[in-house]
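Notes to accompany the following structure.
Numbering (the working numbering), first residue to last: 2 to 377.
Set out below in structure tokens:
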């Protein structure tokens, strides 16, 4: 007997892939040029044009993009980079790749982004850059951070489609800005990423360093700088081009699901919901993350959603400074960043993908209300 629709498991995420992506991949396979081919610059140009950015460089992952972006602005051994402790660990790891120290500063309790006042207080003579994270797709306060006068590398891996309050798309301010294309992102190439920049010289450096340090006019095995294998394949770029054609619709579908969630969850007392767009800022919806009410155990809520209701959810995100590596390497302890620690301990990502139906959203909302003891 088939399971009823209202009892079938609801996954956390589903990538949006269709016949357009299949056709694009087949075209590349038939061409025989799987890497360093024409789809890479085509994707870069289309992506930059979509955002209004001057240049874009395709890379193998968002993490690779963050690493190259930090190198491009001069972060080096012994430097400090001010960043958020509430992020995926890659934003801090990329600093450590260059033997720089990620210096965390607490987050704003509403937007969950790096708080500009806290960032300013964390700056020392060794600070060489600021790395804000547009967490869960909501724009960080770039105008305030820009006033601090330091190079900025933006982690926009979760923020495709976001717009700053001054009307500039995230990724188009000229700072190295990194987008990620993992399977659950607004646009996916399976793995992959892009760095947008405003300076042609920075693009040339990133393009070289992603390809083992080879300049465009150099021979096959000639390299004039240290580089990495951070290239993105033509197959991935072909998928990206197909996804760009449908991006507006996919972003609109995500916004629709998010709006339905916010309406359905509004009656759960004490539940923290994503902040609404304000001050002209527009979120690029990536995930739908809530904070369970104080007094509830987030992990108990997760288990009950899974075991009793067949609903996938995930702790999202743990505080980076309390991860084992960062405790042991840099001596971090509880209590350093109280806003981040409170938010991280209560945060839970609910199922979220463009194909979600209103019925699925209602089922998740009803189950969550029941689990936290507020079912009607």
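For every residue, glycine included, the Cβ atom is placed at its ideal position computed from N, Cα and C.
- Around the CB of residue 122, fewer than 16 other CB atoms lie within 10 Å, so the residue is classed as exposed.
- Sequence-distant Cβ neighbours of residue 46 in its own chain, meaning closer than 8 Å and more than five residues away, are 57.
- Within the same chain, 373 come within 7 Å of residue 297 by CB-CB distance, once the 5 residues on both sides are set aside.
- By the neighbour-count criterion, in which a residue is buried when 16 or more other Cβ atoms sit within 10 angstroms of its Cβ, residue 286 is buried.
- In terms of Cβ geometry, residue 71 and residue 82 form a close pair [threshold 8 Å].
- The stretch 87-96 makes contact with the stretch 126-143; the number of CB pairs closer than 8 Å reaches 3 or more.
- Cβ neighbours of residue 160 within its own chain (closer than 6 Å, five residues either side excluded): 135, 138, 171, 285.
- For residue 194, the CB contacts under 8 Å within the same chain, skipping 5 residues up- and downstream, are 59, 60, 61, 62, 63, 64, 65, 66, 158, 179, 180, 181, 182, 233 in chain order.
- In this structure, residue 243 places its C-beta atom within 8 Å of the C-beta atom of residue 21.
- With a cut-off of 8 Å on Cβ pairs, the stretch 101-115 is not in contact with the stretch 234-253, counting fewer than three such pairs.
- In this structure the stretch 356-373 lies against the stretch 305-312, because at least three pairs of beta carbons, one per stretch, are closer than 8 Å.
- An exposed status is given to residue 356, since fewer than 16 other beta-carbon atoms sit within 10 Å of its beta-carbon.
- Residue 237 has its alpha-carbon roughly 15 Å from the corresponding atom of residue 246.
- Along the stretch 311-351, the beta strand (DSSP E) occurs as fully enclosed runs of 3 or more residues at 348-351, listed in sequence order.
- With a minimum length of 4 residues, the unbroken runs of alpha helix (DSSP H) contained wholly in the stretch 95-167 fall at 117-123, 143-147.
- For residue 183, the secondary structure class from DSSP, reduced to helix, strand or coil, is strand.
- For residue 176, the three-state secondary structure derived from DSSP is coil.
- Taking the Cα of residue 348 as reference, the smallest distance to any Cα among 334, 148, 201, 274 is reached at 274.
- Annotation: residue 189 is outside any beta strand (DSSP E) and is labelled neither H nor E by DSSP.
- Boundaries of the alpha helix (DSSP H) around residue 45: 40-52.
- In this structure residue 272 does not touch residue 258 by the C-beta definition: roughly 17 Å separates them, more than the 8 Å allowed.
- For residue 231, the secondary structure class from DSSP, reduced to helix, strand or coil, is coil.
- Going by DSSP, residue 59 is part of the beta strand (DSSP E) stretching over 56-60.
- DSSP, reduced to helix, strand and coil, places residue 220 outside both helices and strands of the structure shown, so it counts as coil.
- In the DSSP assignment, residue 372 falls within the unbroken alpha helix (DSSP H) covering 359-372.
- Rounded to whole angstroms, the gap between the alpha carbons of residue 142 and residue 30 is 43 Å.
- Put simply, of 207, 89, 19 the residue whose alpha carbon is nearest the alpha carbon of residue 69 is 207.
- With a beta-carbon spacing of about 6 Å, residue 197 and residue 49 fall inside the 8 Å limit used to define contacts.
- Here residue 64 carries a helix assignment [DSSP, helix/strand/coil].
- Taking a contact as a CB-CB distance under 8 Å, the pair residue 140 and residue 163 counts as one, their CB atoms being some 5 Å apart.
- Secondary structure at residue 273: strand, using DSSP grouped into helix, strand and coil.
- Collapsing the DSSP output to three states places residue 297 in coil.
- If you look at residue 17, you'll find it isn't in any alpha helix (DSSP H); DSSP assigns it neither H nor E.
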